[in-house]
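This note's numbering applies: residue 1136 is where the sequence shown begins, and numbers increase by one.
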Amino acid sequence: KDVIPPLEQLMVEKEGYLQKAKIADGGKKLRKNWTTSWIVLSSRKIEFYKESKQQALSNMKTGNKPESVDLCGAHIEWAKEKSSRKNVFQITTLSGNEFLLQSDIDFIILDWFHAIKNAIDRLPKD
Ligand code: I3S
1136 KDVIPPLEQL
1146 MVEKEGYLQK
1156 AKIADGGKKL
1166 RKNWTTSWIV
1176 LSSRKIEFYK
1186 ESKQQALSNM
1196 KTGNKPESVD
1206 LCGAHIEWAK
1216 EKSSRKNVFQ
1226 ITTLSGNEFL
1236 LQSDIDFIIL
1246 DWFHAIKNAI
1256 DRLPKD
């Protein structure tokens, strides 16, 4: 049976395209592979879609799920040393997943950094 999540969890705070590279899964290092991702931030989580939003919405009908990142207890920090690219920050989850996010456009990455940081700071740490 479908469980209906509280409204607060469904509310999208920000969405858009960024460059994304997952560099660790459960603490295990992964080979860096940058891809464009459609990113949806709500109060407790970030969802990463591989495709455009349009494509993602139509894929929902076929049960194709986005990668979901729990922001409770997560960390966000600028990560200049992790890439030769400009404007890179890292999100590390409690479960040991690490993601780099990047945009060449300064205000876009700054908006995302602050939106995600605010979301994390509002959540309980565990
Ligand atoms: O941190 P790295 O390993 O220098 O990251 C680069 C690699 O992931 C590279 O792929 P290969 O491992 O197939 O060579 C990517 O093409 C580069 O974009 C990565 O470096 P940047 O500096 O772009 O994050």
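Note that CB positions come from ideal geometry on N, CA and C, so glycine has one too.
Computed from a predicted model, the values in this text were never measured in an experiment.
Per the C-alpha coordinates, the member of Q1154, E1233, T1170 and R1179 positioned closest to M1146 is R1179. Inter-residue distance for G1161 and N1232 is about 5 Å (C-alpha atoms, whole angstroms). Non-local C-beta neighbours of L1229 in its own chain, meaning closer than 8 Å and more than five positions away in sequence, comprise D1205, C1207, G1208, A1209 and D1261, ordered along the chain.
Distances from the CB of N1253 to the heavy atoms of ligand 1 are all 8 Å or more. At least one heavy atom of ligand 1 lies less than 8 Å from the C-beta of A1156. With a cutoff of 8 Å, L1235 counts as near ligand 1, since its C-beta is closer than that to a heavy atom of the ligand.
Between the C-alpha atoms of E1150 and L1235 there is a straight-line separation of about 16 Å.
In this structure, the C-beta of S1218 approaches ligand 1 to less than 8 Å from one of its heavy atoms. Relative to ligand 1, the beta carbon of K1167 is positioned inside 8 Å of a heavy atom.
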